[in-house]
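Step one of this worksheet: look at the structure below.
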Amino acid sequence: MLSWWKKAAVPVLFLIVIFVVAALNLKNLYHIVAGEIGWNPSQIENTYNDNFYSKMSYINLQGGLANLMDQKILNGVIKGDNGKLNFLWAVDYKFNEKEEAKKVKKAIAILQHAEKKGCKVLYVQRPWAVSAMPYGKQFEYSRQYDYWCKQIKKAGIPTIDLRSEMEGELDFFTTDHHWTTESAYCATARIIQELNQLYDFRLADRKGDFFNEKNYIRKTYNNVFLGAEGVRTGTYFAGKDDFEIVYPKFDTKFLFQQYSEGTMYWEKEGDYQSVLIDQDLLNDETYLNKYNAHAYGAYNENRVKNEKAGNNLKTLLIADSFARPQLGFYSLCFKETRYLDPQEGRYTDSYVKYIDEYQPDIVILMFPGDGNFVKV
Numbered sequence: 139m140l141s142w143w144k145k146a147a148v149p150v151l152f153l154i155v156i157f158v159v160a161a162l163n164l165k166n167l168y169h170i171v172a173g174e175i176g177w178n179p180s181q182i183e184n185t186y187n188d189n190f191y192s193k194m195s196y197i198n199l200q201g202g203l204a205n206l207m208d209q210k211i212l213n214g215v216i217k218g219d220n221g222k223l224n225f226l227w228a229v230d231y232k233f234n235e236k237e238e239a240k241k242v243k244k245a246i247a248i249l250q251h252a253e254k255k256g257c258k259v260l261y262v263q264r265p266w267a268v269s270a271m272p273y274g275k276q277f278e279y280s281r282q283y284d285y286w287c288k289q290i291k292k293a294g295i296p297t298i299d300l301r302s303e304m305e306g307e308l309d310f311f312t313t314d315h316h317w318t319t320e321s322a323y324c325a326t327a328r329i330i331q332e333l334n335q336l337y338d339f340r341l342a343d344r345k346g347d348f349f350n351e352k353n354y355i356r357k358t359y360n361n362v363f364l365g366a367e368g369v370r371t372g373t374y375f376a377g378k379d380d381f382e383i384v385y386p387k388f389d390t391k392f393l394f395q396q397y398s399e400g401t402m403y404w405e406k407e408g409d410y411q412s413v414l415i416d417q418d419l420l421n422d423e424t425y426l427n428k429y430n431a432h433a434y435g436a437y438n439e440n441r442v443k444n445e446k447a448g449n450n451l452k453t454l455l456i457a458d459s460f461a462r463p464q465l466g467f468y469s470l471c472f473k474e475t476r477y478l479d480p481q482e483g484r485y486t487d488s489y490v491k492y493i494d495e496y497q498p499d500i501v502i503l504m505f506p507g508d509g510n511f512v513k514v
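Adding 138 to a residue's 1-based position in the sequence shown gives its number in our numbering.
Structural data, given as structure tokens:
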């Protein structure tokens, strides 16, 4: 009898929660019925979601119940066998050679144009937080990544595959698909080393300052981070992550500007920790996705000038949001670093024209994820 009650308790509690939440959100329904909101289905859904009563508390409760019932999929997120979260769309991705050929052809065209303009180029294959999945699901990203590396190498473009070069050295968050700040730091150091070897540069060796761990401060914010997946599932589905920032001890001075459609809308000047890390966001206890503290979100087009650089080199970084925590580390190595994000809704102008106008010395293209290079 007691066993039956244990089994019944969770679904009964869930039904109670549904009725309580529905009652608390009656105001949303009233506004719709009263005609204050149009009857467009998407408008109704957006209004209801935006004004959902105590939304995060409900998500936390929902995630806790799902965890109690050993449910592995919730709100478009799946929990791996190791407890780490991933978007369901990432696990459900199926390799399509024709589609990938279109994207990689654009990437090659951008890099070959840069070479013709005298730029030193490098393609970087970043990893993804792959792990064993429940319900017989498997990642197919390895096929996609292998294909990109093969095609770009075939085009004669220098390539570094961090999956093999740094196997076992890179770590990812539990509630987010991105790598940790420490891993971004290590990956950037390895990429800079590769550029030095390929092109006989002497980057990041100013008196041993750059990428010497002793010359950096590491500060950890404990149990504060719910990443892109975590904010969909709440605190009790997989817990919260710690969040670490890494910044140099030595003197720095930067000018950081953010642009959209060619127009500057934000700028900040100062040292590394104030210009390249959003301290207000880090210290805001109500803001959960701390990953956005890196480079103040760094969407679209970003320009960083290093006023204490040991060279006059300019670099262009083309990458998705995995590069956001890397931007500061790259900026230590060059006079100017620009970062374009090709993901949907971000940088959508021509890359070859940008290269023509900016005239960088180095172009680094890191695997762009869902970025599709709207205009080559």
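From the three backbone atoms N, C-alpha and C, an ideal C-beta is built for every residue, glycine too. Remember, it's a predicted structure, so these values are computed and weren't measured experimentally.
{"Asked": "Go ahead and pull the three-state DSSP assignment for Y285.", "Found": "helix"}
{"Asked": "Rounding to the nearest angstrom, what Cα-Cα distance links L455 and N213 in this structure?", "Found": "33 angstroms"}
{"Asked": "Do T390 and D409 count as a contact pair if the criterion is CB distance below 8 angstroms?", "Found": "yes"}
{"Asked": "Would you kindly report the start and end of the unbroken beta strand (DSSP E) that includes N361?", "Found": "354 to 363"}
{"Asked": "Please return the same chain residues whose Cβ sits closer than 6 angstroms to the Cβ of F511, not counting the five positions on each side in sequence.", "Found": "K244, P480"}
{"Asked": "In this structure, how does DSSP classify W266 when only helix, strand and coil are distinguished?", "Found": "coil"}
{"Asked": "Here's the rule I'm using: 16 or more other beta-carbon atoms within 10 Å means buried, otherwise exposed. How should E495 be labelled?", "Found": "exposed"}
{"Asked": "Going by Cα to Cα distance, which pick from M504, K378, L414, K387 is closest to Q395?", "Found": "L414"}
{"Asked": "Classify W404 as buried or exposed, calling it buried when 16 or more other Cβ atoms lie within 10 Å of its own Cβ.", "Found": "exposed"}
{"Asked": "Using a Cβ-Cβ cut-off of 6 angstroms (strictly less than) and excluding sequence neighbours within five positions of Y285, which residues of its own chain qualify?", "Found": "E238"}
{"Asked": "Which ranges does the beta strand (DSSP E) cover as unbroken runs of at least 3 residues, wholly within the stretch 399 to 481, from first to last along the chain?", "Found": "401 to 408, 439 to 444, 452 to 456, 474 to 478"}
{"Asked": "Residue range of the alpha helix (DSSP H) that M194 falls in?", "Found": "193 to 206"}
{"Asked": "Does any CB atom of chain D fall closer than 8 angstroms to the CB of E278?", "Found": "This model lacks chain D altogether; it includes just one protein chain."}
{"Asked": "Per DSSP, which residues does M504 bridge with? Please list them.", "Found": "V262"}
{"Asked": "Out of R484, K452, L470, which one is the CA nearest neighbour of V501?", "Found": "K452"}
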